[in-house]
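Per my numbering, residue 307 is the first one in the sequence shown, and the count goes up by one each step. In this text, a Cβ means the ideal position worked out from N, Cα and C, and glycines have one as well. This report refers to the structure that appears directly beneath it.
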Amino acid sequence: MNYRQTHQNSINNPEQFWREQASKLAWFRQPKTILSNNPEQPSGYEWFAGGELNICYLALDYHVEQGRGEQIALYYDSPITGNKYSYTYSELLHEVARFAGVLQQQGVAKGDRVVIYMPMIPEATIAMLAVARLGAIHSVVFGGFAAHELAVRIDDAQPKLVVSASHGIEPHRLIPYKPLLDLAITKAKHKPLGTVIYQRNNVPDAKKVVCSMQEGFDIDWQRAMESATPANPVTVASNDPLYILYTSGTTGKPKGVVRDTGGYATALHYSMKAIYNLETGDVMFSASDVGWVVGHSYIIYGPLLAGCSTILYEGKPVFTPDAGAFWRICEEYKVNAIFAAPTAFRAIRKEDPEADFLRKYDISSVENIFMAGERLDPATFAWTQEKTGKPVIDHWWQTESGWPICASPAGIEKLSVKAGSSSLPVPGYNVMVLDDSGDPIAANEQGNIAIQLPLPPGCLTTIWGDSERFQTSYLQQFPGYYASGDGGYIDSDGYVFIMGRTDDVINVAGHRLSTGEMEEVVASHPAVAECCVVGASDSLKGQQPIGLIIMKNGLDITPEQLEKELVALVREEIGALACFKKAVTVKQLPKTRSGKILRNLVRKIADGHDYVVPSTIDDPESINEIKHALGN
Numbered sequence: 307m308n309y310r311q312t313h314q315n316s317i318n319n320p321e322q323f324w325r326e327q328a329s330k331l332a333w334f335r336q337p338k339t340i341l342s343n344n345p346e347q348p349s350g351y352e353w354f355a356g357g358e359l360n361i362c363y364l365a366l367d368y369h370v371e372q373g374r375g376e377q378i379a380l381y382y383d384s385p386i387t388g389n390k391y392s393y394t395y396s397e398l399l400h401e402v403a404r405f406a407g408v409l410q411q412q413g414v415a416k417g418d419r420v421v422i423y424m425p426m427i428p429e430a431t432i433a434m435l436a437v438a439r440l441g442a443i444h445s446v447v448f449g450g451f452a453a454h455e456l457a458v459r460i461d462d463a464q465p466k467l468v469v470s471a472s473h474g475i476e477p478h479r480l481i482p483y484k485p486l487l488d489l490a491i492t493k494a495k496h497k498p499l500g501t502v503i504y505q506r507n508n509v510p511d512a513k514k515v516v517c518s519m520q521e522g523f524d525i526d527w528q529r530a531m532e533s534a535t536p537a538n539p540v541t542v543a544s545n546d547p548l549y550i551l552y553t554s555g556t557t558g559k560p561k562g563v564v565r566d567t568g569g570y571a572t573a574l575h576y577s578m579k580a581i582y583n584l585e586t587g588d589v590m591f592s593a594s595d596v597g598w599v600v601g602h603s604y605i606i607y608g609p610l611l612a613g614c615s616t617i618l619y620e621g622k623p624v625f626t627p628d629a630g631a632f633w634r635i636c637e638e639y640k641v642n643a644i645f646a647a648p649t650a651f652r653a654i655r656k657e658d659p660e661a662d663f664l665r666k667y668d669i670s671s672v673e674n675i676f677m678a679g680e681r682l683d684p685a686t687f688a689w690t691q692e693k694t695g696k697p698v699i700d701h702w703w704q705t706e707s708g709w710p711i712c713a714s715p716a717g718i719e720k721l722s723v724k725a726g727s728s729s730l731p732v733p734g735y736n737v738m739v740l741d742d743s744g745d746p747i748a749a750n751e752q753g754n755i756a757i758q759l760p761l762p763p764g765c766l767t768t769i770w771g772d773s774e775r776f777q778t779s780y781l782q783q784f785p786g787y788y789a790s791g792d793g794g795y796i797d798s799d800g801y802v803f804i805m806g807r808t809d810d811v812i813n814v815a816g817h818r819l820s821t822g823e824m825e826e827v828v829a830s831h832p833a834v835a836e837c838c839v840v841g842a843s844d845s846l847k848g849q850q851p852i853g854l855i856i857m858k859n860g861l862d863i864t865p866e867q868l869e870k871e872l873v874a875l876v877r878e879e880i881g882a883l884a885c886f887k888k889a890v891t892v893k894q895l896p897k898t899r900s901g902k903i904l905r906n907l908v909r910k911i912a913d914g915h916d917y918v919v920p921s922t923i924d925d926p927e928s929i930n931e932i933k934h935a936l937g938n
């Protein structure tokens, strides 16, 4: 079937559609029912009731049993430390089974939580899979989070153990994980029974990190592994939680997104072929972190479920050592699909606008370049496609969804893409645009992006320990729908355009305008490397847009002249009603470590409101520059 037929079938016959996908997994016990009403579930429904499985078995043991034990499962590449090595499926299984034995010896059992606070090293992957092997629940906290943020997550998840490392490494500094963890445990009300610490002794300056170990509480990873007895996979029910992953909430308290096991395994396995067009033996490079949802889904579980080789990259898109880093990875490991946030490609474009580094490498193995995590502006889309000669696929999803909601499904049908659009709803998702009253609106009209219930397998099932918050955050606004919190429109061809969070729609003198649309216009100027447009409060018009601009290097144009040209450009492309009159040049934009621009923070600074600098910020100094630039 082509895309349209496949998608229609998934919406009209969801049980038949997902029964076929689930049958491709090696369940210990096949599900009794595919989709069932279940009032005990916060969502009111359940996927694959009665099914039993173990996702670590599916990701490792199964492939070894099928004779693929000598295939590479995981490549580790760390330009920051100079270390590179790989694990076959047999080797990775051996390490995971032994570490599961370490955890088992410490009392970790089915349903227990284990917090993992680690850098981008293979041991983070091993720990995740080992926890899943025991039927326990992992909660990965982004490595280097401040002690307070780690303590908040420890209190919420209440782990039996915390797994960590002596330290993490950034291009110009060491991050002392163990002291941060010690402080977090001191701050936390909940006290784990102990920790397991991996000592990073094989990296530069390792001796500079003082890693004190408390006898009887802190366990040395390497020593424990020497005497570990390998653990077998534990059978879990399909709807048993696999992990908790915290995402930002509007209240300031993180929301612990809960992912089930059977639905997630089924959805990821399906997506690897349908969306990414990858099969057993192919190589996937997802330039993310295991602390984020992309790392969970497409560094670890997705590629391994599909029998692919995956790359764990401890580096940056630029400066480790240069703007050719991604292209070097693609050549060296014969990458078939690369996936990164648009901000990574914007950084490459800024440092190497003519793609001189790209010409040094052979990326002929790459079939598609995927981007997600934030809106892909047309300028970055066009540059990447032109310079690489590869199809560029923007796709949209969230921590909550766990896998893509919209995409051009490369493994179903080769479809045309539209700049600025994340393409079409993925099979399983019935995406709608609703007005503020919850009624569907016409094509090309902006509104609230929502998904008709039930959500497909793989999406969140609740918020950890707070099913009421799950209801109020996602299901209450539009009964019968999941409210994504994003705004946008669907055009007459069915293509979805995500224009940003719904609070990024500003009201200028009664006109509802998208700052995403203005960013699109601003970013099209040849002197603009990156930009951010927010709505600032205005006593006369309600709100007025302000642009923050990063200029490209080496161009003969002043900030004052650029501002004049951008004001004229927005007026020409959108109209005078946009009232775009201010474009301030800055050296950097405040971003999270995953590359998202902190627009809400910029908006508060512009309005002179109180704000809290989030723990996820990559460069706190950028705040002072923004304050100075905006006169606040």
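Looking only at its own chain, which residues have a Cβ that is under 8 Å from the Cβ of residue i, when we skip the five neighbours before and after it?
i: residue 757; result: 711, 735, 736, 737, 738, 787, 788 and 790
i: residue 357; result: 328, 333, 335, 336, 337, 338, 543, 544 and 568
i: residue 419; result: 442, 443, 444, 445, 463, 464, 465, 466 and 550
i: residue 528; result: 504 and 505
i: residue 621; result: 383, 384, 385, 386 and 631
Taking residue i as part of the beta strand (DSSP E), name the residues at either end of that continuous run.
i: residue 891; result: 888–891
i: residue 674; result: 674–677
i: residue 643; result: 643–646
i: residue 721; result: Per DSSP, residue 721 belongs to no beta strand (DSSP E) and is neither H nor E.
In this structure, what does DSSP give as the bridge partners for residue i?
i: residue 841; result: 851
i: residue 353; result: 341
i: residue 712; result: 702 and 731
i: residue 857; result: 834
i: residue 389; result: 384
i: residue 552; result: 562
i: residue 474; result: 481
i: residue 873; result: Per DSSP, none; premise fails for residue 873.
i: residue 542; result: 359
i: residue 419; result: 443
i: residue 394; result: 378
i: residue 897; result: 903
Consult DSSP for residue i and reduce its assignment to one of helix, strand or coil.
i: residue 586; result: coil
i: residue 917; result: coil
i: residue 683; result: coil
i: residue 591; result: strand
i: residue 547; result: strand
i: residue 444; result: strand
i: residue 335; result: strand
i: residue 667; result: coil
i: residue 500; result: strand
i: residue 468; result: strand
i: residue 427; result: coil
i: residue 922; result: coil
i: residue 567; result: coil
i: residue 358; result: strand
i: residue 374; result: coil
i: residue 909; result: helix
i: residue 535; result: coil
i: residue 880; result: coil
i: residue 525; result: strand
i: residue 864; result: coil
i: residue 494; result: coil
i: residue 931; result: helix
Going by beta carbon distance, what residues of the same chain come within less than 6 Å of residue i, once the five residues before and after it are set aside?
i: residue 547; result: 443 and 564
i: residue 713; result: 581, 701, 729 and 732
i: residue 900; result: 598
i: residue 285; result: Summary: the structure shown does not reach residue 285, with the chain confined to residues 307 through 938, and so no result is reported for it.
Excluding the five sequence neighbours on either side, which residues of its own chain have a C-beta within less than 7 Å of the C-beta of residue i, listed in chain order?
i: residue 863; result: 833
i: residue 365; result: 435, 607, 610 and 611
i: residue 913; result: 842 and 843
i: residue 330; result: 575
For residue i, would you say it is in contact with chain C, using Cβ-to-Cβ distances shorter than 7 Å as the test?
i: residue 505; result: The structure shown contains no chain C; it is built from a single protein chain.
Starting from residue i, trace the alpha helix (DSSP H) both ways and give me its first and last residue.
i: residue 462; result: 453–463
i: residue 317; result: 309–318
i: residue 696; result: First-last for residue 696: undefined, no H or E at that position.
Every unbroken beta strand (DSSP E) within the segment 737–808, with a cutoff of 3 residues, ordered by chain: Residue ranges of uninterrupted beta strand (DSSP E) with 3 or more members, entirely inside the segment 737–808 and ordered along the chain, are 737–740, 753–758, 787–796 and 802–807.
Runs of beta strand (DSSP E) lying entirely within the segment 608–664, each at least 3 residues, in chain order: Note on the segment 608–664: whole beta strand (DSSP E) runs with a minimum of 3 residues are 615–619 and 643–646, in chain order.
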